[in-house]
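The structure appears below as structure tokens.
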Amino acid sequence: MPEIRNYTLNFGPQHPAAHGVLRLVLEMDGEVVVRADPHIGLLHRATEKLAESKPYNQSIGYMDRLDYVSMMCNEHGYVMAIENLMNISVPERAQYIRVMFDEVTRILNHLLWLGAHALDVGAMTMFLYAFREREDLMDVYEAVSGARLHATYYRPGGVARDLPDSMPKYKKSKWHNQREVNKLNENREGSMLDFLQDFTNRFPGYVDEYETLLTDNRIWKQRTVDIGIVSPERAKALGFTGPMIRGSGIAWDLRKKQPYEVYDRMTFDIPIGTNGDCYDRYLVRIQEMRESNRIIKQCINWLRENEGPVIVENQKIAPPKREGMKADMESLIHHFKLFTEGFCLPEGEAYAAIEHPKGEFGCYLISDGANKPYRLKIRAPGFVHISSLNEMVQGHMLADVVAILGTQDIVFGEVDR
Amino acid sequence: MNVQELSQALANIFPAQLQANDVMQNDVYGEVTIEVLPENVLSVFEALRDDEKLKFELLIDICGVDYSEYGSVEWATGSATSTGFSRGVEPATGARLRFGDDKESTVSGRPRFASVYHLMSVVHNHRLRVRVYCEDDVLPVVPSVINLWPVANWFEREAFDLFGIIYEGHPDLRRILTDYGFVGHPFRKDFPLIGHVEMKYDEEQKRVVYQPVSIEPRVLVPRVIRDDGRFDEVDGAEQEKSDA
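Protein sequence lines correspond, in order, to chains U and W.
Reading the first sequence from the start, the letters are residues 1 to 417 in the working numbering.
Reading the second sequence from the start, the letters are residues 1001 to 1244 in the working numbering.
Structure follows, in structure tokens:
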């Protein structure tokens, strides 16, 4: 009789369920995974080293490209580290705008996660539903920053500009006649806030649709219930944060526990799981979308009633106004210095962490007093979560590897940095 | 527990391992840093994790740091007016782009490499930063904390890959982010930004080959430290504190 041995299976880097460029070396015993060895770094761009060679204000765009489905949250962590080190406070209106866009980003991220996760497990429809709503939110991104994905909207000391009074509109084309275009533009006639408010009114209904498709779906439950169980003790030992630790039943959320910006004025709840399996993490993220929707509504109400500056007045950090620059020598000099040299931070170090859609995203900044960071370390939640993959998939079937990869919400932009 | 209480508790729990000046507390950003000698690492970390008043059960991050060019600049601004302006185009620091021009460390009296740990407690809701300097600059070694926090596994591999810091006791210290067969530790300050080699497809050999980099290096924005007080109004509170 021939000897039966474990065999090795290469999964990725060109596999649609690998969520980008993951090469996973699996040691299999039949169809059961004995050991998983993820090889990462295929998307390594040395963001941290690049940031060391640029003035502080030129690296914000790199942050968008870390976790490229939750762009503004990455920027938030970075500018907050700079603000902590400079000890400047952000105008109130900018804080509300940041909180609002953090939550818009959270919904964007969770929608992509939901679509991709369900697609991996076999539910194609979810992907189409999720992208229908992502389209609206990306239009909001576009209205405020000019870019649908890589916004570079947050700046040290505030945000780049105030909320716009109009939304981008559809135009008549050979695919859409005027009547169709008018219908598409129906909720785009007002300001950006009007459009977003319309979205927040519609969104809970959409989430109900997702839940109708999945929550009680027999196949979905067979694929996710009791798969990849992590106990609360292990979740802490493995360094989990965000929905991963909440799925295991620990009510830990930086927005509540170490509130930044104006999260302490917001009313929202932290959903937690009970079993710590893939299904619980799914429920946690679904509920988080509803909570984010609540926060966005509160921000919209405040932003409608309160005007004010959206970035600090200090021209050593924030660029001067355009008109001022044309007429005023001082403003011109400030503008020139800011864009050729940047600004210097005081010597010291700071760690700023935010509740990113995937977990704790932190920026550790060491400054020696220069106009460039001496060292910038990005603490990416995905990096920590995927390092636990070996432990989570052991003893599971090959098909469950895909479900567990999906539940970890991996994006390689931030894992490889 | 606030910052003062935490630093007081740390001083009480580790009277022997930490001298008074090792506990640095920063009220401005509400962060506490301690520095630990490599030989005390494991005992201190175990106490940090298990002590009832501290309970740092979550290791948030491990970050390697190369301090060899701390405080060096590319643009002389102090005495520039009497001799004409410094052009600031000579690559001299971390952004140095040419390879082969190794230079002396600008920081004397402090070890070159450090491993920085960020800890957090879910129970008490506080954070701590721990810095461990590696005593040997040529062969930097730190004990591994993988037995205390399993999450340290990949963080230590990353710091080894990028900085060449050896974590003693790590069972599987492989490269993690760089390419298979990569040579060198790219985040060290003496590693040029553009790297040493570039890759291309060779038509004659019909395969991918590596060759020395061919791009022209240049400095776009020189690194400069402004200590003429122009940012005082920005960080006024900070300035007063360091004066006091």
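Where a beta carbon is used, it is the ideal one built from N, C-alpha and C, also for glycine.
Taken through DSSP and simplified to helix, strand or coil, residue 218 of chain U comes out as helix. In terms of beta-carbon proximity, residue 368 of chain U lines the interface with chain W, with at least one pair separated by less than 7 Å. Residue range 1031-1035 is occupied by the beta strand (DSSP E) that includes residue 1035 of chain W. Counting along the chain, the unbroken beta strand (DSSP E) around residue 23 of chain U starts and ends at 23-29.
The stretch 97-116 of chain U makes contact with the stretch 60-76 of chain U: 3 or more CB pairs, one atom from each, lie closer than 8 Å. Three or more Cβ pairs closer than 8 Å define a contact, and the stretch 267-277 of chain U meets that threshold against the stretch 239-254 of chain U. Along the stretch 233-266 of chain U, the positions whose C-beta sits under 9 Å from a C-beta of chain W are 233, 234, 236, 237, 238, 239, 240, 241, 245, 250, 252, 257 and 258, read in chain order. At least one beta carbon of chain U lies nearer than 7 Å to the beta carbon of residue 1118 of chain W. With a cutoff of 7 Å on beta-carbon distance, residue 76 of chain U and residue 354 of chain U are scored as near each other. Residue 384 of chain U has a beta carbon lying within less than 7 Å of a beta carbon in chain W. Within the model, the alpha-carbon separation for residue 321 of chain U versus residue 416 of chain U is close to 38 Å.
About 5 Å separates the CB atoms of residue 1148 of chain W and residue 1045 of chain W; that is less than 8 Å, so the two are in contact. Annotation: Cβ neighbours of residue 371 of chain U in chain W (cutoff 9 Å, chain order): 1221, 1222, 1223, 1224, 1225 and 1226. Between residue 108 of chain U and residue 358 of chain U, the alpha-carbon positions lie close to 12 Å from each other. In this structure, the straight-line span from the alpha carbon of residue 407 of chain U to that of residue 19 of chain U is close to 11 Å. At least one C-beta of chain W is nearer than 7 Å to the C-beta of residue 387 of chain U.
Secondary structure of residue 275 of chain U (DSSP, three-state): coil. By alpha-carbon distance to residue 148 of chain U, the top candidate from U/301, U/298, U/156 and U/168 is U/168. Annotation for residue 1211 of chain W: the continuous beta strand (DSSP E) segment containing it runs 1207-1212. Between residue 1032 of chain W and residue 1059 of chain W, the C-beta spacing is not below 7 Å. Residue 266 of chain U carries a coil assignment under DSSP once its states are collapsed to helix, strand and coil. Along the stretch 200-265 of chain U, the alpha helix (DSSP H) occurs as fully enclosed runs of 4 or more residues at 218-224, 232-237, 243-247 and 254-257, listed in sequence order. Between residue 398 of chain U and residue 31 of chain U, the gap from beta carbon to beta carbon is short of 7 Å. The beta carbons of residue 1158 of chain W and residue 1167 of chain W sit about 11 Å from each other, so the pair does not count as a contact at 8 Å. Interface residue (Cβ-Cβ distance to chain W less than 7 Å): residue 294 of chain U is not classified as such. Leaving aside the five residues that flank residue 36 of chain U on each side, the residues in its chain whose CB is nearer than 8 Å to its CB run, in chain order, 24, 25, 26, 27, 389, 390, 393, 394 and 401. Interface annotation, residue 1177 of chain W: in contact with chain U, CB-CB separation under 7 Å. Per DSSP, the continuous alpha helix (DSSP H) segment holding residue 1153 of chain W begins and ends at 1152-1163.
Residue 138 of chain U carries a helical assignment under DSSP once its states are collapsed to helix, strand and coil. Contact between the stretch 1062-1070 of chain W and the stretch 367-376 of chain U is present, with at least three C-beta pairs closer than 8 Å. Nearest CB-CB separation between residue 1147 of chain W and chain U: not below the 7 Å threshold.
For the options U/176, U/9, U/362 and U/370, the alpha carbon positioned closest to that of residue 56 of chain U is the one of U/370. Under DSSP, residue 1063 of chain W forms a beta bridge with W/1116. In this structure residue 1037 of chain W is exposed. Its beta-carbon is surrounded by fewer than 16 other beta-carbon atoms within 10 angstroms. Burial state of residue 219 of chain U is exposed, judged by a 10 Å Cβ sphere holding fewer than 16 other Cβ atoms. Residue range 359-367 is occupied by the beta strand (DSSP E) that includes residue 360 of chain U.
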